[in-house]
Amino acid sequence: MSVLVFVDSSSGKIIKGGFEAINYAKKIADAQSTTVTALVAGSCANISELGEYGANKVLHTANINIADSQVLAKLVVKAAEQENASVIVFSHDLVGRAVAPRVAARLEAGYVAGASSIPDTSFVIRRAVFSGKAFADVEIKTEKKVLSLYPNTFQVEKIGGSADIVPFTPEVGTSRVIVKEQKRKEGEISLPEAEIVVSAGRGMKGPEHWGPIEELAKELGAATACSRPVADIGWRPHHEHVGQTGIAVAPNLYIAVGISGAIQHLAGVNRSKVIVVINKDPEAPFFKAADYGIVGDAFEVLPKLIDAVKKFKASAN
Amino acid sequence: MKLLVCISKVPDTTTKITFTDNNTKFNETGVQYIVNPYDEWYALVRALELKETMGGTVTIVTVGTAADEAVIRKALAIGADEAVRIDANPDDALFVARQIAAYAKDKAFDIIFTGKETIDYNGSQVGGMIAELLDLPFISLASKLDVNGSEATLETDIPGGMQVVTVNLPFVVSAAKGMAEARIPNMRGIMAARTKPLTVVSAFDDKRFTAIKSYSLPPEKKGCKYISADNPAELIDLLHNEAKVI
Ligand SMILES: Cc1cc2nc3c(=O)[nH]c(=O)nc-3n(C[C@H](O)[C@H](O)[C@H](O)COP(=O)(O)OP(=O)(O)OC[C@H]3O[C@@H](n4cnc5c(N)ncnc54)[C@H](O)[C@@H]3O)c2cc1C
Ligand SMILES: Nc1ncnc2c1ncn2[C@@H]1O[C@H](COP(=O)(O)O)[C@@H](O)[C@H]1O
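The structure is reproduced here in structure tokens:
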């Protein structure tokens, strides 16, 4: 018996969410006095690091169409059989969202998507519901259990150790999905995984004013985001839209500039650990959800703030 | 083309969330319900656009109780041809998916659409599950979908970028922002919706795989600490020394 973790490496390497899932699986495995087996599909540069985060063994399938959730689900099911795993862990990321539901359906297993707690002894797990406006404690009633961990829920920890890497090449059938084209933007921090997010709204008046927002984000190593109207009018790309009908984020720090704080926006960001609001209207509803606030004109505050960050970084070095 | 769109009912986005029965039930008092935005704005509208250019039918399916029929009529008003309600309480994703898969199994739909996620339970679960149960490809979180003969081309996000994939019909797709532009139902649509067929079928089993034990609300914020607009350096100091997030 072992806890199985599917680790995404679709960008050629394992990223933070994968290590988070391994840490998380390790905690579940410790409670059950068992081990962690990681499953990696496709080419992967840093596979040997998995052991440091808690994997005891890594199954690696180098040759597989990672764009096809159907073959990936077959692969996970075969690995679960081989490892006699009754708990299967994913990250609630793009790949996890495609593959985990298939695995749950195939195994007739209860699935908790976007888990934000370690399962208790009766396998009740907390997850956010109503777009972050509340939490539900969900029990998995089946013997086999599928979980996907919400990104950035726990701090990633290196716990030391090493894992055996074992090639894994079961029969998974032919893929029916063909990849025609892939485009990646180098160096961009992906929004759902970001630890710091700098977000701006209609208060910025126009797309030509986004320079300071991008500069602040760059100085802080943050991802950029925006409110829905800003994406709808086309000032910013759709994938930056956060909120109830956009991406839900849970960074350590969310900085909102010129965003009023409508309930639909808050729903997507209220799991942030710390919220900073910069708005010229002291009555803006966002201040009620904020930890720190600056009442002021963004066009005056931002240059000073960027300066302060630069000075802070210089003094820290 | 025979298209199936899975529609779910969710509380209006402005709903204040509260619970009853010792925090074990969502308090429905005064709650307005809407069609889940992803299902309506993107999945349904793209299905209608495909039907308008290529011919065919758009069926909507909901696993829900009689209380869902107002929301089903709204989706019919936007332009779906007929609706099916599978009569059951949709309280577990795999239960819902198994009902829809059982209904769709022998009906030869070319594309089965779901939304990216429901805005109440936010699982992104049902689409992938239906695909697995019907042994179909699943394209998750597509922001673009075009059909040419028996082949579809779709755009999806990948970590740090996007990809274009092709797949032959039939398949299951979950619709994300970008796939279509929301439509507002007109008077003719609303009138027509009243007489469109809404068939109720019974659930084929009642097996549940998960159960919600209780709900809770996030802790209240302690209140906002204000910093002078002239001195953002103080904010940086607080974020570093007090909040410890930078
Ligand atoms: C069904 C539905 C779903 C929705 N989903 C979402 C969602 O997912 N995400 C989302 O964001 N919204 C969503 N909305 C929209 C939401 O209701 C608000 O309309 C939207 O969030 C407002 O965006 P905003 O704060 O950028 O703009 P506004 O409300 O126009 O606010 C602009 C703010 O900027 C401030 N400001 C102006 N000038 C300056 C300046 N110079 N310096 C500093 N501050 C300034 C103003 O005081 C104001 O508070 C949804 C709405 C509906 C009906
Ligand atoms: N009760 C339901 N009836 C029909 N379709 C549903 C139901 N619940 C969810 N869906 C579909 O599945 C998608 C994903 O839902 P979820 O897995 O709950 O996030 C939704 O956008 C709907 O298209």
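Residue numbers (the working numbering), protein chains in the order written: chain A, 641 to 957; chain B, -1 to 244.
Every residue, glycine too, gets a C-beta built ideally from N, C-alpha and C.
Source: prediction; values computed, not measured.
| Asked | Found |
| --- | --- |
| What residues in its chain sit with their C-beta under 8 Å from that of E907(A), if we drop five residues either side in the sequence? | Note that residue 907(A) corresponds to Ala in the displayed sequence, not to Glu. So the list reads F770, S771, G772, K773, G883, Q884 and A888, once near-sequence residues are dropped. |
| Can you tell me whether S212(B) is helix, strand or coil according to DSSP? | strand |
| So is F207(B) in contact with chain A if we call contact Cβ pairs under 8 Å? | yes |
| If you scan the region 20 to 92 of chain B from start to end, which runs of the beta strand (DSSP E) of 3 or more residues do you find wholly inside it? | 31 to 33, 55 to 62 and 80 to 85 |
| Between S830(A) and G846(A), what straight-line distance do the alpha-carbon atoms span, to the nearest angstrom? | 23 Å |
| For ligand 1, is there a heavy atom less than 7 Å away from the beta-carbon of F939(A)? | yes |
| For chain C, is any of its Cβ atoms less than 8 Å away from the one on Y751(A)? | Given the protein chain composition of this structure (A and B), no chain C is represented. |
| Report back the beta-carbon spacing between S709(A) and V739(A) to the nearest angstrom; my notes put them in contact at under 8 Å. | 5 Å |
| Measure from the alpha carbon of V82(B) to the alpha carbon of each residue in V56(B), T11(B) and D144(B), then state which is nearest. | V56(B) |
| Report the three-state DSSP secondary structure of F646(A) (helix, strand or coil). | strand |
| I'd like to know whether the C-beta of V43(B) is nearer than 8 Å to at least one C-beta of chain A. | no |
| Under 8 Å, Cβ to Cβ, is there at least one residue of chain B near A738(A)? | yes |
| Counting pairs of Cβ atoms below 8 Å between the region 861 to 869 of chain A and the region 834 to 842 of chain A, do you hit three or more? | yes |
| What residues of chain A sit near Y213(B), judged by a beta carbon separation below 8 Å? | V769, A774, F775, A776 and D777 |
| Quick check: Q123(B) and P741(A), are their CB atoms within less than 8 Å of each other? | yes |
| Closest Cβ-Cβ distance between F136(B) and chain A: below 8 Å? | yes |
| Between V145(B), S138(B), N166(B) and F169(B), which has its C-alpha nearest T154(B)'s C-alpha? | S138(B) |
| Below 8 Å between beta carbons is the criterion; list the residues of the region 695 to 721 of chain A that meet it against any residue of chain B, in chain order. | A707, D708, S709, Q710 and A713 |
| State yes or no: is the C-beta of P216(B) within less than 8 Å of the C-beta of R816(A)? | no |
| Between K666(A) and V680(A), is the Cβ-Cβ spacing less than 8 Å? | no |
| Between which two residues does the alpha helix (DSSP H) carrying P230(B) extend? | P230 to N239 |
| Take N703(A) as the anchor and find which of V711(A), V914(A) and E748(A) has the nearest alpha-carbon. | V711(A) |
| According to DSSP, simplified to helix, strand and coil, what is N663(A)? | helix |
| Mapping DSSP to helix, strand and coil, what is P968(A)? | No information on residue 968(A) is available, as it lies outside the stretch 641 to 957 that chain A covers here. |
| Considering only heavy atoms of ligand 2, does any lie closer than 7 Å to the CB of T782(A)? | no |
| Taking buried to mean at least 16 other C-beta atoms within 10 Å of its own C-beta, is E115(B) buried or exposed? | buried |
| Does the pairing of the region 124 to 134 of chain B with the region 162 to 173 of chain B give three or more beta-carbon distances under 8 Å? | yes |
| Which residues mark the beginning and the end of the alpha helix (DSSP H) in which Q722(A) is found? | S709 to E723 |
| Mind checking the region 152 to 176 of chain B against chain A and listing, in chain order, the residues whose C-beta falls within less than 7 Å of any C-beta there? | D155, I156, P157, G158, G159, M160, Q161, V162, V163, T164, V165, N166, K175 and G176 |
| Kindly identify the DSSP beta-bridge partner or partners of C4(B). | V59(B) |
| Kindly give me the distance between the Cβ atoms of Y693(A) and I799(A), rounded to whole angstroms, as I take these residues to be in contact under 8 Å. | 7 Å |
| Name the one or two DSSP bridge partners that N248(B) has. | Not covered by the structure: residue 248(B). The range shown for chain B is -1 to 244. |
| Given a threshold of 16 other Cβ atoms within 10 Å of its Cβ, counted over all protein chains shown, does A173(B) qualify as buried or as exposed? | buried |
| Counting only the same chain and skipping the five closest in sequence on each side, list residues whose C-beta sits under 8 Å from that of R96(B). | M127, L131, F202, D203 and K205 |
| Can the beta-carbon of V8(B) be found less than 8 Å from the beta-carbon of I98(B)? | no |
| Any C-beta of chain A within less than 9 Å: which residues of the region 102 to 128 of chain B qualify? | K114, E115, I117, D118, Y119, N120, G121, S122, Q123, V124, G125, G126, M127 and I128 |
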